[in-house]
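Reading through the structure tokens given below for one structure.
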Amino acid sequence: MIAGRVIVAGEAAGEALVTRDALSFWGGYDFHTGEIIDKHHPLAGVRAGGRILAVPFSKGSSTTTAVLLEAVRAGTAPAAILTTGADAFFALASIVADVMYGKPFPVIALEPNDFASLITGERLSVARDGTITRARPSLESLAPSR
Amino acid sequence: VLNLSDRDREMASGAGGPAQALAMSILVRMADVYGATELMDISQAHIDSTIYLGDATLAFAERLASLGAKVAVPTSLNVSGVDECGWKDWAVKADWAAKAARQMLAYERMGAVPTWTCAPYQTHMRPVFGQQIAWGESNAICFANSVIGARTERYPDLLDICCAITGRVPAVGLHLTGNRAGQLLLRLIDVPSALQQDDQFFAVLGHLVGQLADEDIPVIDGIVVSPAEDQLKAFSAAAASSGRVALFHMVGVTPEAPTLDAAFQGKPSSPGGFGSPRCLDITVEDLRAARRELTTADGRELDMVILGSPHFSLAEFSLLAPLVAGQRAHPRVKFLITSSRLMKERAHETGVLEPILSFGAQITLDTCILASPMLPPEIKTLMTNSAKYAYYAPSLLNTRVTFGSLADCVHSAIEGRVVRDDAPWRSA
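Those sequence lines, one after another, are chains E and L. Per the working numbering, the very first residue in the first sequence carries number 1288; after that it's consecutive. Per the working numbering, the very first residue in the second sequence carries number 458; after that it's consecutive.
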């Protein structure tokens, strides 16, 4: 379990998509498909929609928030965004998504060590209090089924 | 804990109408995110939310407008999603044009000034040193803070308009003197003045600084030339595209950095000293590599030269005019300049527009190729002197780009293929 700091509260579960590189959603995210499209970014071509996106902070365009709002409306937004600091852009997008559509997505800030421990592909769940649970396979689930 | 003033509470309770109450409710939630203990006044705003993307951005604008939203401070407007007069000459679909125009109308109804430009600092709405403002548009934020010394946080779309409607912002971040000190020292090492005078230098340096700065306020030391305003504009746009730079200091150039000490507000700045900031060196080789990154095309084919991100200024029109006077662009190559109504009018009045139009240039107003889906699919290779266009076009438009000087762009347009004079970057 990771104790995150709630920036915008919410619940989510999904597969982690982790990057160390900041991202501008304008010019970096296609809200029609939920794909990262910034050709300078290591995740270019990867779908982030529906996943728990761990990105240290936003960069670039002010329109990042508007792209995220469009993605929420289109159902192509990340299920949650995990950052290293209180990123105002991701927070604002989630707050306006709440105001407009009643659909905020959780935005949680993590300590650098916790952020660094995240691995793409692991299953995470985010609780309203900012706790992040890693759904590591339990011994029971690994036991041969009868 | 956030302490609201009586006036803030009145706005939140709806005394100023439902739009102001909605804007204040978003602002209060954001104050919490920022960790603010109070809100403070601004005396100007610039709205980036004008860029039409789809039904959500339009619905947000029209909700505020239909609730009777009015801006509380002088407010300029960023580029929109359509050139209302010229879109039919391009690949813009009628449905897009109609919706983008509705979004423009919504913000005009709120009482904002229809500047429709991403370079509001080059209009009559330019703020002054020390002025508290709430600006969206990454290049404009960076320029206003760094080059003018006005004070704005890095405001995103949809929040900028809430600040304008209430005239209030969370009292945090770059609004406060103590948060404007440099945090990262970037030293130019043996970068000769001949290279610093090159037309592309500040755009390339900005592209590199954006990558190096992470979340820090960079201080650039070692500039030995006096950059023109448009070069600092190019730097700002580049650094705010490759990175998240909202404020930089350039020692001996920008107003809050007359000296290295001043840039760090007197905090210890000797590299390696106790409590010293992070320090990185920038060499000619680093700059060459940064310049190479801005070019994603490999051949010499050329479909379009594109200038004007941020929007082309009168000074830039004036530089371009003698380069193109008496010549013609190759018939196979489009030559497009994105600018504002105001700048086009000034260029016309001063006589520099005529030779540019005779050259075969087209001008798109109020928007740009990134904000309006105007390029036809056969446009695959671009050339530009804008690091911002070079950064975003490959991802947003799926085009390939060659980055070059203004003169390179003109020569290539005449030749009909990419020609670049790389000498200043080879011999440096």
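C-beta: ideal position from N, C-alpha, C; glycine also. This structure is a prediction, so every number in the text was calculated from the model and none was measured.
Which of helix, strand or coil DSSP assigns to residue i
i	result
C736/L	strand
G473/L	coil
G635/L	helix
F692/L	helix
Q589/L	strand
T1350/E	coil
D1401/E	helix
D447/L	Look at the range of chain L in this structure, 458 to 885, and you will see that residue 447/L is not part of it.
I1419/E	strand
M761/L	strand
F1293/E	Inspection of the sequence shows that residue 1293/E is occupied by Val rather than by Phe. Residue state, collapsed to three classes: strand.
A1375/E	helix
T711/L	coil
G1301/E	strand
I836/L	coil
Residues that residue i contacts on chain L, provided the C-beta gap is smaller than 9 Å
i	result
M1288/E	By Cβ distance, chain L contributes nothing, its closest Cβ being about 24 Å from M1288/E, past 9 Å.
F1344/E	D671, E672, R701
Sub-9 Å separation of residue i and residue j beta-carbons
i	j	result
T711/L	R857/L	no
A1366/E	I1339/E	yes
A607/L	A660/L	no
I1442/E	D1374/E	Only positions 1288 to 1433 of chain E appear in this structure, which leaves residue 1442/E out of reach.
L832/L	M761/L	yes
A1353/E	A1384/E	no
A772/L	F816/L	no
A1309/E	R798/L	no
C825/L	T795/L	yes
P1399/E	G1297/E	no
S1349/E	Y612/L	yes
H805/L	A576/L	no
I763/L	L793/L	yes
P627/L	Y491/L	yes
V1333/E	L1369/E	no
A621/L	R566/L	no
T1371/E	L1397/E	yes
D656/L	N842/L	yes
D673/L	R735/L	yes
Same chain, Cβ closer than 7 Å to residue i, neighbours up to 5 away in sequence not counted
i	result
R757/L	R874, V875
I1406/E	A1303, V1305
T561/L	Correcting the residue type first, residue 561/L is Met in the shown sequence and not Thr. The answer, listed in chain order, is T507, S537.
G624/L	D498, I499, A529, V530
P584/L	Q501, I590, A601, I605, A607
Cβ shell of residue i (< 6 Å), same chain only, five flanking positions each side left out
i	result
S869/L	L759, M840, V875, V876
S1432/E	Confidence is the limiting factor: at S1432/E the pLDDT is only 48, short of 50, which leaves the residue's position unreliable and the question unanswerable from this model.
K791/L	M761
D505/L	N535, G593, E594, D614, D617
I1419/E	I1289, G1291, L1411, V1413
T740/L	I646
L827/L	Y849, L853
T1363/E	F1318, G1321, G1336
I680/L	M707, V710
V676/L	G639, L642, H706, A720
S533/L	H503, V570, T572, P577, M582
A1300/E	S1412
Cross-chain neighbours of residue i in chain E, by beta carbon under 7 Å
i	result
R486/L	I1382
S506/L	A1353
Proximal residues of chain L, C-beta to C-beta of residue i below 8 Å
i	result
K1326/E	T753, P851, S852
T1352/E	P613, D614, L615, L616
G1315/E	S852
S1349/E	D505, G593, E594, S595, I598, R611, Y612, P613, D614, D617
Proximal residues of chain E, C-beta to C-beta of residue i below 9 Å
i	result
P577/L	Those within 9 Å of P577/L in chain E number zero; the least Cβ separation is about 13 Å.
Contacts around residue i, its chain only, beta-carbon distance under 8 Å, and the 5 residues preceding and following it disregarded
i	result
L461/L	A469, V485, E495, L496
L780/L	L863, A864, V867
G568/L	K527, V528, T532
G471/L	Q477, A478
Residue i: contacting residues in chain C (beta-carbon distance under 8 Å)
i	result
I826/L	Checking the listed chains, one finds no chain C in this structure; the protein chains it contains are E and L.
Residue i: CB within 8 Å of a non-hydrogen atom of the ligand ZN
i	result
T494/L	As far as ligands go, the structure on display features none, and thus does not contain the ligand ZN.
Chain L contact residues for residue i, given Cβ-Cβ distances below 7 Å
i	result
A1309/E	R701
I1419/E	Near I1419/E there are no residues of chain L at all, since even the closest Cβ is about 19 Å away, more than 7 Å.
I1294/E	V490
G1321/E	None at all; the shortest Cβ gap to chain L is about 14 Å.
Interface partners of residue i on chain E, CB under 8 Å
i	result
Y491/L	A1373, A1375
Residues within the stretch 510–535 of chain L neighbouring chain E, beta-carbon criterion of under 9 Å: L510, G511, D512, A513, T514, A516, F517, R520, N535
Contact set between the stretch 831–850 of chain L and chain E, restricted to residues whose Cβ is under 8 Å from the partner: Y848, Y849
The stretch 1354–1387 of chain E: positions lying closer than 8 Å to chain L by Cβ: V1354, L1356, E1357, V1359, R1360, A1361, G1372, A1373, A1375, F1376, A1378, L1379, A1380, I1382, V1383, V1386, M1387
Interface positions of the stretch 750–775 of chain L facing chain E (Cβ-Cβ less than 9 Å), listed along the chain: E750, T753
Near-chain E residues of the stretch 578–605 of chain L (beta-carbon distance less than 8 Å), N- to C-terminal order: G593, E594, S595, I598
Residues within the stretch 471–484 of chain L neighbouring chain E, beta-carbon criterion of under 9 Å: L479, S482, I483
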